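**Student:** My questions will all concern the structure given below.
There are 2 protein chains.
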Amino acid sequence: MQEALRDYIDKYASVTLSDDEFERIRDKFTSKHFRKNQFLLQEGDVCKYSIFIVKGALRQYTVDKKGIEHIVNLCTENWWVGDRESFTMLSPSIYNIDAVEDTDVLLLTKANFQELMSTEPVFVTVLSTMDYNNQIATQKRINSAISLSAEERYLNLLANNPALLQRFPQNMIASFLGVSPETISRIRKKVQL
Amino acid sequence: MQEALRDYIDKYASVTLSDDEFERIRDKFTSKHFRKNQFLLQEGDVCKYSIFIVKGALRQYTVDKKGIEHIVNLCTENWWVGDRESFTMLSPSIYNIDAVEDTDVLLLTKANFQELMSTEPVFVTVLSTMDYNNQIATQKRINSAISLSAEERYLNLLANNPALLQRFPQNMIASFLGVSPETISRIRKKVQL
DNA sequence: CGCGGGTTTGATGATGCTCAAGCCCGGTGG
DNA sequence: CCACCGGGCTTGAGCATCATCAAACCCGCG
């Protein structure tokens, strides 16, 4: 199951790892399984791991005073999740992360993370590529959040990330887009005509 | 004027650079002055530089079909700006960047950027810190965009980034928050009571 | 003095939320 | 096998928020 990580590194560092190299990296991770609905991180706790998703789906969200959930990220295979601020500063996280499906992940502690960063140049490359992709994606998301209507945001997602629509229930898509479930329902009805 | 860069690196890499080291890095940048309203990047062009702001203020924005500007970023001293996707992929940018005040910047070409990344370890550290800060900031911005009302977003900005409110005209703040100028005006009237 | 950009103010209307009810469907227990 | 339950989705009516349009205002500057 660690092959997913290997493929990921090969792809994003544009390097084919030797078995040795890969083993050194893989050994720093621990693999773990989470059931549907199980928490990987709860608001107020410190985010102790960088999480790499091997198989499954997670959501990262905040809960406001009214108890409403706001999904910041929907994540599936080959994505990293976590609260980086909490992870590096050891501060309490404002996010919750839980499993939307049964999910297999690889976990990396801060100590191991730092060790890999200082001993494995290829890991540095991978991480910076990840940052890069992340930054582009979040930039686009901000742009769509401040400049588009609910319907446009939905159509945008449909065009650029249809996989998410099939993978997550509609109310989570709504929360992810920052609109109510009812509005998503009405938009779908309207556009499918 | 390059002292700004030096301070920045010292601060974010938590390293005090030797004069030598700093000089090697500084030499890869070219400094340039932009007048108020002057473009640093126009939609459709390739983003040829990573921009470090020494003094002044810039805005990064898109323009929609109706001709309305949507500000993705408001940037002042000691920030990096640019369209990273365009910069690394050499693809046409979807963003405009122009000067809100007369501004001094340091420019880094892709070639020099790559050279620094491979020859100056401290530069790698600085960049990853920059990515890190960036990611945290954009994450929070997304969260506020999808979960807060116009008024809450304004109050948030007032609490967390009051400097921006003094530095940029109100209509830009409005665009940055994703609301109309009139709404900002009304919110201000309401809260100052 | 008059011009012009930015801000304010008011009136109107659209977008999207809230609340509430009904529906669909898969799962569970009798 | 069927009845029931519950979660998610749909639908409708009323309402709040915020955008739009238009006019007035303010103030620095030529």
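Protein chains in written order, with this note's numbering: chain A, 1 to 193; chain B, 1 to 193. Built from N, CA and C at the ideal position, the CB exists for glycine as well. Please read these numbers as outputs of a predicted model, since none were measured by experiment.
1) Can you find a C-beta in chain B that's less than 8 angstroms from the C-beta of isoleucine 97 of chain A?
2) Starting from threonine 62 of chain A and walking both ways along the beta strand (DSSP E), at which residues does that stretch end?
3) Report buried or exposed for asparagine 208 of chain B, applying the criterion of at least 16 other Cβ atoms within 10 angstroms of its Cβ.
4) Mind checking who isoleucine 213 of chain A pairs with in its DSSP beta bridge?
5) Is there a Cβ from chain A that is less than 8 angstroms from the Cβ of histidine 33 of chain B?
6) Between the region 123 to 154 of chain A and chain B, which residues of the former have CB atoms less than 8 angstroms from a CB of the latter, in chain order?
7) Which partner residues does leucine 275 of chain A have in the DSSP bridge list?
8) Quick check on DSSP: helix, strand or coil for valine 179 of chain B?
9) Just the chain B side, please: which residues come within less than 9 angstroms of aspartate 64 of chain A by C-beta, in chain order?
10) Would you say glutamate 182 of chain B reaches chain A, if we count a Cβ-Cβ gap shorter than 8 angstroms as a contact?
11) Is DSSP giving isoleucine 68 of chain B helix, strand or coil here?
12) Quick check on glutamate 85 of chain A - is its C-beta less than 8 angstroms from some C-beta in chain B?
13) Would valine 191 of chain B count as contacting chain A if we go by Cβ distances under 8 angstroms?
14) When you compare the region 140 to 160 of chain A with the region 67 to 81 of chain B, are there three or more beta-carbon pairs, one atom per stretch, that lie closer than 8 angstroms?
15) Do valine 46 of chain A and alanine 4 of chain A count as a contact pair if the criterion is CB distance below 8 angstroms?
16) Excluding sequence positions up to five away, which residues of its chain have a Cβ less than 7 angstroms from the Cβ of leucine 107 of chain A?
17) Tell me whether valine 191 of chain A is buried or exposed, calling it buried when 16 or more other Cβ atoms sit within 10 Å of its Cβ.
18) Compare the Cα-Cα distances from arginine 65 of chain B to each of A:Glu152, A:Pro181, A:Leu164 and A:Ser180 and report the closest residue.
19) For valine 72 of chain A, return the contacting residues in chain B, with the cut-off set at a CB-CB distance below 7 angstroms.
20) Indicate whether at least one CB of chain A lies closer than 8 angstroms to the CB of asparagine 56 of chain B.
21) Check the Cβ of glycine 178 of chain B against every Cβ in chain A and list those closer than 8 angstroms, keeping chain order.
22) Take threonine 109 of chain B and list the residues in its own chain whose beta-carbon comes closer than 7 angstroms to its own, dropping the five residues that flank it on each side.
23) Can you tell me which of A:Ala13, A:Ala159 and A:Arg6 puts its alpha carbon nearest to the alpha carbon of aspartate 27 of chain A?
24) Classify lysine 28 of chain A as helix, strand or coil using the three-state DSSP reduction.
25) If we ignore side chains and look at the alpha-carbon of each, how far apart do valine 100 of chain B and arginine 59 of chain B end up?
26) With aspartate 102 of chain A and arginine 35 of chain A assumed to form a contact (beta carbons below 8 angstroms), what rounded beta-carbon distance in angstroms separates them?
27) Have a look at the DSSP bridge pairing and note the partners of valine 46 of chain B.
28) Which full runs of the beta strand (DSSP E) of 3+ residues lie inside the region 96 to 173 of chain B, going along the chain?
29) For isoleucine 187 of chain A, which residues of its own chain have a beta-carbon under 7 angstroms away from its beta-carbon, when the five flanking residues on both sides are left out?
**Tutor:** Judging by the given coordinates:
1) By one-based count along the first sequence, residue 97 of chain A stands at place 97. It does not: the Cβ of isoleucine 97 of chain A has no partner Cβ on chain B nearer than 8 angstroms.
2) For the purposes of this step, residue 62 of chain A is taken as residue 62 along the first sequence, with counting starting at 1. From DSSP, the beta strand (DSSP E) with threonine 62 of chain A extends over 58 to 63.
3) Look at the range of chain B in this structure, 1 to 193, and you will see that residue 208 of chain B is not part of it.
4) Residue 213 of chain A is absent from the model: chain A starts at 1 and stops at 193.
5) Within the second sequence, numbered from 1, the residue matching residue 33 of chain B stands at position 33. Histidine 33 of chain B does not count as touching chain A.
6) Val124, Leu127, Ser128, Asp131, Tyr132, Asn134, Gln135, Ile136, Thr138, Gln139, Arg141, Ile142, Asn143, Ala145, Ile146 and Ser147
7) Residue 275 of chain A lies beyond the stretch modelled for chain A, which goes from 1 to 193, so this question has no answer here.
8) As a working mapping, residue 179 of chain B is identified with position 179 in the second sequence. In this structure, valine 179 of chain B counts as coil in the three-state DSSP scheme.
9) Residue 64 of chain A sits at position 64 when you count from the first residue of the first sequence. Per Cβ cutoff of 9 angstroms: Ser147 and Leu148.
10) Counted from its first residue, the second sequence places residue 182 of chain B at position 182. Among the CB atoms of chain A, none fall inside 8 angstroms of the CB of glutamate 182 of chain B.
11) Walking along the second sequence from the start, residue 68 of chain B turns up at place 68. In this structure, isoleucine 68 of chain B counts as coil in the three-state DSSP scheme.
12) Within the first sequence, residue 85 of chain A is the residue found at index 85, counting from 1. Closer than 8 angstroms to some Cβ of chain B, the Cβ of glutamate 85 of chain A qualifies, so yes.
13) In the second sequence, residue 191 of chain B corresponds to position 191, counting from 1. No, because no Cβ of chain A sits closer than 8 angstroms to the Cβ of valine 191 of chain B.
14) Contact between the region 140 to 160 of chain A and the region 67 to 81 of chain B is present: three or more C-beta pairs spanning the two stretches fall below 8 angstroms.
15) On the first sequence, residue 4 of chain A is found 4 positions in, with the first residue counted as 1. On the first sequence, residue 46 of chain A is found 46 positions in, with the first residue counted as 1. Not a contact, by the Cβ cut-off of 8 angstroms.
16) The sequence position of residue 107 of chain A within the first sequence is 107, counting from 1. Cβ neighbours of leucine 107 of chain A beyond the five flanking positions: Phe29, Thr30, Lys32, Tyr49 and Ile51.
17) The count along the first sequence starts at 1 and reaches residue 191 of chain A at position 191. Answer is exposed; the Cβ neighbour count stays below 16.
18) The residue given as residue 65 of chain B occupies position 65 in the second sequence. It should be pointed out that residue 65 of chain B corresponds to lysine in this sequence rather than to arginine. That would be A:Glu152, whose Cα lies nearest to the Cα of lysine 65 of chain B.
19) Start at 1 with the first residue of the first sequence, and residue 72 of chain A comes out as number 72. By Cβ distance, chain B contributes Gln139, Ile142 and Asn143.
20) What you label residue 56 of chain B is simply residue 56 of the second sequence in a count that begins at 1. In the sequence as presented, asparagine is not what sits at residue 56 of chain B; that position holds glycine. Not closer than 8 angstroms to any Cβ of chain A, the Cβ of glycine 56 of chain B fails to qualify, so no.
21) Translated into the one-based positions of the second sequence, residue 178 of chain B becomes position 178. Residues of chain A with a Cβ closer than 8 angstroms to the Cβ of glycine 178 of chain B are, in chain order, Ala145, Ile146 and Ser147.
22) Position 109 of the second sequence, counted from the start, is the residue given in the question as residue 109 of chain B. So the qualifying residues of the chain are Lys48 and Tyr49.
23) Residue numbering aside, residue 27 of chain A sits at position 27 when the first sequence is read from its first letter. Looking at the Cα atoms, A:Arg6 is the closest of the given residues.
24) Numbered from its first residue, the first sequence carries residue 28 of chain A at position 28. Coil, per DSSP.
25) As a position in the second sequence, residue 100 of chain B is number 100, starting the count at 1. As a position in the second sequence, residue 59 of chain B is number 59, starting the count at 1. Spanning the two alpha carbons is a distance of roughly 7 angstroms.
26) By 1-based counting over the first sequence, the position of residue 102 of chain A is 102. By 1-based counting over the first sequence, the position of residue 35 of chain A is 35. About 6 angstroms; that satisfies the 8 angstroms criterion.
27) Here residue 46 of chain B refers to the residue found at position 46 of the second sequence. Note: valine 46 of chain B sits in a beta bridge opposite B:Pro92.
28) 96 to 99 and 103 to 109, all fully within the region 96 to 173 of chain B.
29) As a working note, residue 187 of chain A is residue 187 in the first sequence. Cβ neighbours of isoleucine 187 of chain A within its own chain (closer than 7 angstroms, five residues either side excluded): Ala150, Glu151 and Tyr154.
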